[in-house]
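In this note's numbering, the protein residues as written are 9 to 496.
So the structure is just underneath, and the comments pick up after that.
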């Protein structure tokens with residue numbers, strides 16, 4: 009099948025030829041016809057399968073004949089990087105058509121986005137948070153909207169975005185076409201998506217998600233503290249020129265990037281604590297080949313689209329199998345080939361087994377010739393959780409022992425200072441320590457606490473707030489306010 013057989017507008021066919029699209033990918037062949045018929049669609053496709061063009065091409069086809077000067081299509085994506093990628097695809101496909109688009113994301117100035125709303129660009133690509141920021145103002149009305157696309161729907165709906173998505177829906181016309189595209193759609197998300205779609209065409213929803221066929225998988229068992237050293241050796245032994253490495257946390261991404269840079273590897277990092285300018289610069293350097301390895305966290309990596317990416321490294325085993333699919337899907341895009349390495353330490357074997365059950369196959373294990381798996385590195389990327397817990401427990405044992413020793417030492421000093429047990433020279437009973445007035449306890453109502461402390465110090469009964477009055481003058485506290493009181 010060719011793109012011409014799908015019935016697309018001539019200008020869009022020219023764009024596909026200019027971009028080198030020889031024939032539609034499977035998801036494009038499945039999704040474009042029902043979208044051309046105006047149907048709602050719920051579709052799953054592995055990352056890199058061409059799903060972005062699968063929804064952009066039919067939308068642009070419908071928008072071309074009727075120019076209205078108002079926004080008619082909204083694409084909502086979970087991250088800035090994915091929104092930027094979709095906007096880039098839009099420019100490539102619609103560049104010669106006159107249709108306009110704009111990205112509405114956080115981390116950049118709002119004024120250009122305000123102007124995009126006012127001009128009524130044909131297609132908006134937005135992240136939920138920044139979109140809701142604009143919806144607070146009257147200029148951000150989308151009354152003419154005809155198409156809503158939720159991309160990476162599993163993340164949009166399953167990882168905390170559902171409340172924001174429902175708030176976005178309240179600002180949109182109910183009469184529209186709604187499309188949900190994602191690399192994975194777990195059953196609860198499919199059920200929830202059914203509430204948003206009207207008689208949708210479901211594509212591959214019942215098929216368990218799996219990585220692209222062109223990916224070669226390899227598992228490298230390695231002690232936790234040697235992961236960074238193993239990656240360094242693989243890079244020095246001739247790993248592919250472009251490498252994307254995933255870490256579990258932002259802290260580990262920083263530590264790994266610092267380690268690689270100290271060892272002469274040109275490296276960049278991308279995660280949630282990096283500014284938009286830093287993320288853009290890192291991604292641009294990686295795409296242009298100035299950076300050999302990009303270290304990223306899962307969410308920040310959404311939208312990373314690099315041609316001919318040869319290797320994805322799971323530096324940490326992902327916590328859920330779907331994240332493995334997303335990670336390794338960055339290579340072998342659009343029916344190409346690539347490698348996916350997974351470093352697994354002993355405490356991560358359970359996560360690896362879950363991935364293998366999800367994929368229905370055992371991933372091959374490998375070792376690196378010449379690598380010293382028994383060495384003790386001078387520095388470690390991170391102390392394992394079990395060791396951190398053991399260290400905390402040991403520290404608490406030492407603190408308790410120190411406190412006990414201090415108490416015993418003070419008791420010994422008191423007994424040496426008063427061997428007869430006569431007490432202090434202030435007239436206290438023998439063997440008793442001098443009592444000091446308690447300090448007022450801090451709290452939101454400090455005045456009551458101070459008065460209570462004064463009453464206790466003065467030897468007067470404390471009836472508490474609203475209690476009965478003392479029979480003594482000033483028992484209500486009035487005589488105490490502003491006057492020094494001497495203890496009896």
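C-beta: ideal position from N, C-alpha, C; glycine also.
Item, Value
"Would you report the Cα separation of residue 182 and residue 234, rounded to the nearest angstrom?", "55 Å"
"Can at least three beta-carbon pairs, one atom from the segment 90-105 and one from the segment 190-197, be found at a separation below 8 Å?", "no"
"What separation, rounded to the nearest whole angstrom, lies between the Cα atoms of residue 314 and residue 401?", "46 Å"
"Where do the ends of the alpha helix (DSSP H) carrying residue 239 lie?", "235-244"
"Closer than 7 Å by C-beta to residue 329: which residues in its own chain qualify, once you throw out the five before and the five after it? Chain order, please.", "362, 363 and 366"
"Are residue 243 and residue 264 closer than 9 Å when you measure CB to CB?", "no"
"Hey, quick one: how far does the beta strand (DSSP E) through residue 346 stretch, first residue to last?", "346-352"
"CA-CA distance, residue 335 and residue 224?", "13 Å"
"Tell me, to the nearest whole angstrom, how far the beta carbon of residue 284 is from that of residue 83; I am working on the premise that it is less than 8 Å.", "About 19 Å; that fails the 8 Å criterion."
"Once DSSP output is grouped into helix, strand and coil, what is the label at residue 153?", "coil"
"Work out the CA separation of residue 20 and residue 304 for me, nearest whole Å.", "34 Å"
"Assuming the contact rule is C-beta atoms closer than 8 Å, residue 327 and residue 293 should be a hit. Round their C-beta distance to whole Å, please.", "Their Cβ separation, rounded to whole angstroms, is 29 Å, which puts residue 327 and residue 293 out of contact at 8 Å."
"Can you name, in chain order, every residue of its own chain whose Cβ lies under 7 Å from the Cβ of residue 36, other than the five neighbours on each side?", "58, 61 and 62"
"Is residue 145 helix, strand or coil when you go by DSSP?", "coil"
"Thinking C-alpha only, which one of 249, 24, 119 and 386 is nearest residue 141?", "119"
"Output the residue ranges of the beta strand (DSSP E) runs that lie fully inside the segment 156-214 and measure 3 residues or longer, sorted by chain position.", "185-190 and 209-211"
"Residue 249 and residue 262: beta carbons closer than 9 Å?", "no"
"State the DSSP-derived secondary structure class of residue 322, mapped to helix, strand or coil.", "strand"
"With 16 as the cutoff for other CB atoms within 10 Å, does residue 236 come out buried or exposed?", "buried"
"Hey, residue 80 and residue 113 are a contact pair by Cβ (cut 8 Å); roughly how many whole angstroms apart?", "About 20 Å separates the two Cβ atoms, so there is no contact after all."
"Going by Cα to Cα distance, which pick from 348, 210, 74 and 90 is closest to residue 288?", "90"
"Measuring alpha carbon to alpha carbon, tell me which residue in 246, 227 and 155 is nearest residue 369.", "227"
"Less than 8 Å between C-beta atoms, sequence neighbours within five positions excluded: which residues of the same chain meet that for residue 184?", "153, 154, 155 and 156"
"Look at the alpha carbon of residue 325 and the alpha carbon of residue 345, and state the distance between them as a whole number of angstroms.", "22 Å"
"Using a Cβ-Cβ cut-off of 7 Å (strictly less than) and excluding sequence neighbours within five positions of residue 373, which residues of its own chain qualify?", "227 and 229"
"Can you tell me the Cα-Cα spacing of residue 24 and residue 106, whole angstroms?", "16 Å"
"Tell me which residues share the same chain as residue 416 and place their Cβ nearer than 6 Å to its Cβ, disregarding the 5 neighbours each side in the sequence.", "none"
"Tell me which residues share the same chain as residue 222 and place their Cβ nearer than 7 Å to its Cβ, disregarding the 5 neighbours each side in the sequence.", "340, 343, 344, 345 and 346"
"What do you get for residue 9, buried or exposed, if any count of 16 or more other CB atoms within 10 angstroms of its CB means buried?", "exposed"
"Which class does residue 433 belong to by DSSP, given the choice of helix, strand or coil?", "At residue 433, the pLDDT of 47 sits below 50, so the modelled position is not reliable; the number obtained from the coordinates is stated separately. In this structure, residue 433 counts as coil in the three-state DSSP scheme."
"How should residue 290 be labelled, buried or exposed, when 16 other C-beta atoms within 10 angstroms of its C-beta is the threshold for buried?", "buried"
"Helix, strand or coil: how does DSSP classify residue 95 here?", "helix"
"Express the C-alpha separation of residue 179 and residue 8 in angstroms, rounding to a whole number.", "The chain is shown from 9 up to 496; residue 8 falls before or after that span and cannot be answered."
"Are the Cβ atoms of residue 52 and residue 187 separated by less than 9 Å?", "no"
"So what does DSSP say about residue 332, is it helix, strand or coil?", "helix"
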